[in-house]
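Q: Here it is, the structure, as structure tokens.
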Amino acid sequence: FDPISFGHLDVIRRGRRLFDEIVVAVGHHPGKDALFTIDERVEMATILSKEMVAEGKGAPVTVRPFTGLTMEFARQLNASTLLRGVRNLSDLQYEVQSAVTNREVAGMETVFIVAGQSFAYTSSSLIKQITAMGTDMNLLRTMVPPLVIERLAEKKAEKHPALERLKAKG
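Residues in the sequence shown are numbered from 59 upward in steps of one, following this note's numbering.
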């Protein structure tokens, strides 16, 4: 969720029809160069989830920050299932390995939702690259909601170090 995209929101929206409750867990990934803080990501996901819930038709959604392992956080919540979006074969290979580990180690099942065709090639990394190297933020309008475009523009104007590193690589 760095940043949250229409693909993430699609998984949440579709998951709302499958489960009684959805908890969007926003954590820190030590292997990734974060653009938004956990608090910023929680705030955006909360605003966008509330808009979705206001539309009706589905389970309630809460957004919670966490640190550590996803499966440990899920166990703290007494969750029985992890919901994951899968865009392509590479995602599937990684996610199946994680799912098997989570089941063996924590007894936690994983349900996969395959991304809709229009979201299959969208990634947070691509969104950050376009933000860092592009000049027209409207190029992102098919990938992220207007709120996220606004927040990305702020990070770009601030010359956020994560965006500057991407720009230097280009």
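Using N, Cα and C, we set each Cβ at its ideal position, and we do this for glycine too. Quantities reported herein were computed from a predicted structural model and do not represent experimental measurements.
Alpha carbon to alpha carbon, how far is GLY65 from LEU150? Give it in angstroms, no decimals.
A: Here residue 150 refers to the residue found at position 92 of the sequence shown. Here residue 65 refers to the residue found at position 7 of the sequence shown. Straight-line Cα distance between these residues: approximately 15 Å.
Q: Rank LEU106, LEU224, THR128 by C-alpha distance to the C-alpha of PRO17 and give the top, closest one.
A: Outside the modelled stretch of the chain, which goes from 59 to 228, sits residue 17, for which no answer is possible.
Q: Taking the straight line between their C-alpha atoms, what separation do you get for VAL169 and LYS225?
A: As a first step, residue 169 must be located in the sequence shown, where it is residue number 111. As a first step, residue 225 must be located in the sequence shown, where it is residue number 167. Rounded to whole angstroms, VAL169 to LYS225 spans 36 Å at the Cα level.
Q: Under 8 Å Cβ to Cβ from MET166, same chain only, skipping five residues before and after it: list those, please.
A: Residue 166 sits at position 108 when you count from the first residue of the sequence shown. The residues are MET129, ALA132, ARG133, ALA137, SER138, THR139, LEU140, ASN160.
Q: Looking only at its chain, what residues have a beta carbon closer than 7 Å to the beta carbon of ILE105, apart from the 5 residues adjacent to it on each side?
A: Taking the first residue of the sequence shown as position 1, residue 105 is located at position 47. Answer for ILE105: LEU205, listed in chain order.
Q: Rounded to a whole number of angstroms, what is the C-alpha to C-alpha distance between SER182 and THR95?
A: For the purposes of this step, residue 182 is taken as residue 124 along the sequence shown, with counting starting at 1. For the purposes of this step, residue 95 is taken as residue 37 along the sequence shown, with counting starting at 1. If you take the alpha carbons of SER182 and THR95, they lie about 14 Å apart.
Q: Per DSSP, what kind of secondary structure is ILE62 in: helix, strand or coil?
A: Translated into the one-based positions of the sequence shown, residue 62 becomes position 4. Three-state DSSP puts ILE62 in coil, outside helix and strand.
Q: Buried or exposed: where does THR193 fall if 16 or more other Cβ atoms within 10 Å of its Cβ makes it buried?
A: Within the sequence shown, the letter at position 135 stands for residue 193. It counts as exposed.
Q: Which same chain residues end up closer than 7 Å to MET110 when comparing Cβ atoms and leaving out the 5 residues on each side of it in sequence?
A: Counting from one through the sequence shown, the residue named residue 110 turns up at place 52. Within the same chain, MET110 has close Cβ partners LEU67, ILE70, ARG71, VAL119.
Q: Since VAL121 contacts ALA103 with CB under 8 Å, what's their CB separation in whole angstroms?
A: Here residue 121 corresponds to residue number 63 of the sequence shown, with the count starting at 1. Here residue 103 corresponds to residue number 45 of the sequence shown, with the count starting at 1. The Cβ separation is near 4 Å, so the contact holds.
Q: Just tell me which of LYS90, THR125, GLU79, GLY116 has its CA closest to the CA of VAL100.
A: In the sequence shown, counting from the first residue as 1, residue 100 sits at position 42. The option with the nearest alpha carbon to VAL100 is THR125.
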